[in-house]
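Numbering (this note's numbering), first residue to last: 331 to 746. Heads up, the thing below is written out as structure tokens.
Below, the structure is given as structure tokens:
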């Protein structure tokens, strides 16, 4: 384990630094931490001014320390030099302890950020972040564990992902681990309640995120319906006690996901499931999830035609009939003057009046879906920019133009 510590230019006085049931009389917190934890290497970062004032005395207190020069951090360039010095002092996969007691100005903040970077980019484990609270008028000075503040960075990362992509998987993992930490720390004997609702909520939003990512619209409806059954008052109480960073996001997540909730979607009215799936399509477009949009919209067209013709949209054989009819329509539309009009065109025309528009849309969706499935392993692949533009600028408008009445009926059913 490696200890990273810093020296400033203030005067440091001897005190009994205390951690749990251990104590050490010293001027420097690093000397105490080196005894309290299984530290093998100590690296001290110091400016020229700090070296002149403290290095000789620090060497006597911590003889195994290795010194690393850093600037004083008075400019952006110097701050980045400090950041680089900290990052370069740690090997990938190492376990480190950060002591931020004696650093000065903005250096503690930059060190903290460097630690977060090392966690994410180099798989470095931060075993602890500590601050020695020197108290002049007392014999004992406590060492505070600031490690939980690292969780804030995880909350920030998870929040950013949810706001940008709609995925709450990382947030769910954070919530789910709260209960594990609760019992591991033995808090069940100290707290009046346990974070059980938080665990349920975390599990649900992870399942919802998986359904969104893998385009499982029916499973998504089931999971969001289960999410709504978690008692809201209990959930808010537990958030206040155990997950305060989550408080600002709770209502946002519930509002974002609740629009998809439907109990037993496979047995529910087909118009309702169509409405929920179209809501999901719009949501995917808003989140710029083009792959999911293309996959779902292709299937939504088949489902809408099945429902319009009174067929079971979940029955594979019924879907295949619709798909074959659409393929025949595409072939006929290529040369209507010479190709015979397929029998299926009349049936499709009873649902969609603009058969030419339907043919063109189906041809595009079919080709894009196939192109995605083959991952560009073909001679003439579609460009990502063309597919993204189609999703962002054309698709929903064309679906509304073709299926306007069906979408309106679905929306009416879905709102009930």
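A virtual CB, placed ideally from N, CA and C, is assigned to each residue, including glycine.
*Please state if the CB of residue 607 and the CB of residue 614 are separated by a distance shorter than 7 Å.*
The sequence position of residue 614 within the chain shown is 284, counting from 1. The sequence position of residue 607 within the chain shown is 277, counting from 1. No, the Cβ-Cβ distance between residue 614 and residue 607 is not below 7 Å.
*Could you give the distance in angstroms between the alpha-carbon of residue 598 and the alpha-carbon of residue 419?*
Locating residue 598 in the chain shown gives position 268, where the first residue counts as 1. Locating residue 419 in the chain shown gives position 89, where the first residue counts as 1. For residue 598 and residue 419, the distance between alpha carbons rounds to 60 Å.
_Do residue 337 and residue 369 count as a contact pair if the criterion is CB distance below 7 Å?_
In the chain shown, counting from the first residue as 1, residue 369 sits at position 39. In the chain shown, counting from the first residue as 1, residue 337 sits at position 7. Not in contact: residue 369 and residue 337 (Cβ atoms no closer than 7 Å).
*CB residue 528 to CB residue 508, shorter than 7 Å?*
Translated into positions along the chain shown, residue 528 becomes position 198. Translated into positions along the chain shown, residue 508 becomes position 178. Yes, they are a contact pair.
*Over what stretch of residues does the beta strand (DSSP E) that includes residue 749 continue unbroken?*
Lying before the first or after the last residue shown, residue 749 is absent from the chain, which here runs from 331 to 746.
*With distances taken between CB atoms, is the gap from residue 424 to residue 454 smaller than 7 Å?*
The sequence position of residue 424 within the chain shown is 94, counting from 1. The sequence position of residue 454 within the chain shown is 124, counting from 1. Their beta carbons are under 7 Å apart, which means residue 424 touches residue 454 by this criterion.
*asked:* Considering only their Cβ atoms, is the gap separating residue 587 from residue 564 smaller than 7 Å?
replied: Counting from 1 along the chain shown, the entry for residue 564 is found at position 234. Counting from 1 along the chain shown, the entry for residue 587 is found at position 257. In this structure, residue 587 does not lie closer than 7 Å to residue 564 by Cβ.
*Would you mind working out which of 548, 549, 524 sits nearest residue 570, comparing C-alpha positions?*
Here residue 570 refers to the residue found at position 240 when the chain shown is read from its first residue. The candidate whose alpha carbon is nearest that of residue 570 is 524.
_Touch test, the region 571-579 against the region 536-553, Cβ-Cβ under 8 Å, three pairs minimum_ = no
*Residues of its chain near residue 662, where Cβ-Cβ distance is below 8 Å and the 5 sequence neighbours each way are ignored*: Position 332 of the chain shown, counted from the first residue, corresponds to residue 662. The beta carbon of residue 662 sits closer than 8 Å to the beta carbons of 669, 670, 671, 672, 675, 689 from its chain, once the five residues preceding and following it are set aside; these are given in chain order.
*asked:* Can you confirm whether the region 511-524 touches the region 487-497 when touching is taken to mean that 3 or more C-beta pairs between the two stretches lie within less than 8 Å?
replied: no
_At 4 residues or longer, what runs of the alpha helix (DSSP H) sit wholly inside the region 600-639?_
600-616, 620-638, all fully within the region 600-639.
*Please say whether residue 405 and residue 377 have beta carbons closer to each other than 7 Å?*
Here residue 377 refers to the residue found at position 47 when the chain shown is read from its first residue. Here residue 405 refers to the residue found at position 75 when the chain shown is read from its first residue. Not in contact: residue 377 and residue 405 (Cβ atoms no closer than 7 Å).
*Selection from 715, 707, 452, 695 that minimises the alpha carbon distance to residue 630*: Against the chain shown, residue 630 aligns to sequence position 300. Closest option to residue 630, Cα to Cα, is 695.
*asked:* Contact defined as beta carbons within less than 8 Å: I believe residue 677 pairs with residue 655. What is the distance between those atoms, to the nearest angstrom?
replied: Translated into positions along the chain shown, residue 677 becomes position 347. Translated into positions along the chain shown, residue 655 becomes position 325. With 8 Å as the limit, residue 677 and residue 655 qualify as a contact, their Cβ atoms being about 7 Å apart.
_Restricting to Cα atoms, I'd like to know which of 686, 347, 511, 682 is closest to residue 632._
The residue you call residue 632 lines up with position 302 of the chain shown. It is 682 whose Cα lies nearest to the Cα of residue 632.
*Mind checking who residue 495 pairs with in its DSSP beta bridge?*
Stepping through the chain shown from its first residue, residue 495 is reached at position 165. Note: residue 495 sits in no beta bridge, so no partner.
*How would you label residue 429, buried or exposed, when you count the other beta carbons within 10 angstroms and need 16 or more for buried?*
For this step, residue 429 is matched to residue 99 along the chain shown. Burial of residue 429 is indicated by the presence of at least 16 other C-beta atoms within 10 angstroms of its C-beta.
*In three-state DSSP terms, what is residue 409?*
Here residue 409 is taken as the residue at index 79 of the chain shown, counted from 1. Residue 409 falls in the helix class under three-state DSSP.
*So is residue 544 buried or exposed if we call it buried at 16+ other beta carbons inside 10 Å?*
Counted from its first residue, the chain shown places residue 544 at position 214. Classification of residue 544: exposed, given that the 10 Å Cβ count is below 16.
*Where do the N-terminal and C-terminal ends of the beta strand (DSSP E) with residue 459 fall, by residue?*
Translated into positions along the chain shown, residue 459 becomes position 129. Its beta strand (DSSP E) spans residues 455-462.
*Which partner residues of residue 353 appear in the DSSP bridge assignment?*
Reading the chain shown from its first residue, position 23 is the one you call residue 353. According to DSSP, residue 353 bridges with 348.
*Going straight from the alpha carbon of residue 745 to that of residue 708, what length do you get?*
The residue given as residue 745 occupies position 415 in the chain shown. The residue given as residue 708 occupies position 378 in the chain shown. Below a pLDDT of 50, predicted positions are generally treated as unreliable, and residue 745, at 44, falls in that range; the measurement from the model is reported next regardless. Spanning the two alpha carbons is a distance of roughly 43 Å.
*Taking all protein chains shown into account, do 16 or more other C-beta atoms lie within 10 angstroms of the C-beta of residue 343, making it buried, or fewer, making it exposed?*
On the chain shown, position 13 is the one that residue 343 refers to. Result: exposed.
*Does the distance from the CB of residue 636 to the CB of residue 624 come in under 7 Å?*
Along the chain shown, read from residue 1 onward, the residue named residue 636 stands at position 306. Along the chain shown, read from residue 1 onward, the residue named residue 624 stands at position 294. In this structure, residue 624 does not lie closer than 7 Å to residue 636 by Cβ.
_Our contact map puts residue 461 next to residue 474 with C-beta atoms below 8 Å; I'd like the distance itself, whole angstroms only._
Here the question's residue 461 lines up with position 131 in the chain shown. Here the question's residue 474 lines up with position 144 in the chain shown. Correct: roughly 5 Å between the Cβ atoms.
*For residue 365, which of 427, 433, 558, 645 has the nearest alpha-carbon?*
For the purposes of this step, residue 365 is identified with residue 35 of the chain shown, where counting begins at 1. For the residues 427, 433, 558, 645, the minimum Cα distance to residue 365 belongs to 427.
*asked:* Need the endpoints of the beta strand (DSSP E) that residue 395 sits in, please.
replied: Here residue 395 is taken as the residue at index 65 of the chain shown, counted from 1. That run of the beta strand (DSSP E) goes 395-399.
*Could you pull out every unbroken alpha helix (DSSP H) segment of at least 4 residues lying fully inside the region 538-572, listed in chain order?*
Counting only runs of 4 or more, we get 547-558, 562-572.
*Pull up the DSSP beta-bridge partners for residue 507, would you.*
Along the chain shown, one-based indexing puts residue 507 at 177. Its beta-bridge partners do not exist; DSSP assigns none.
*Which residues in the same chain have their Cβ closer than 7 Å to the Cβ of residue 367, if we skip the five residues on either side of it in sequence?*
Counted from its first residue, the chain shown places residue 367 at position 37. For residue 367, where only same-chain residues beyond five positions count, the Cβ hits under 7 Å are 331, 427.
*What distance in whole Å lies between the Cβ atoms of residue 687 and residue 724, which are believed to be in contact at a cut-off of 8 Å?*
Within the chain shown, residue 724 is the residue found at index 394, counting from 1. Within the chain shown, residue 687 is the residue found at index 357, counting from 1. With a Cβ gap of about 12 Å, residue 724 and residue 687 do not count as contacting.
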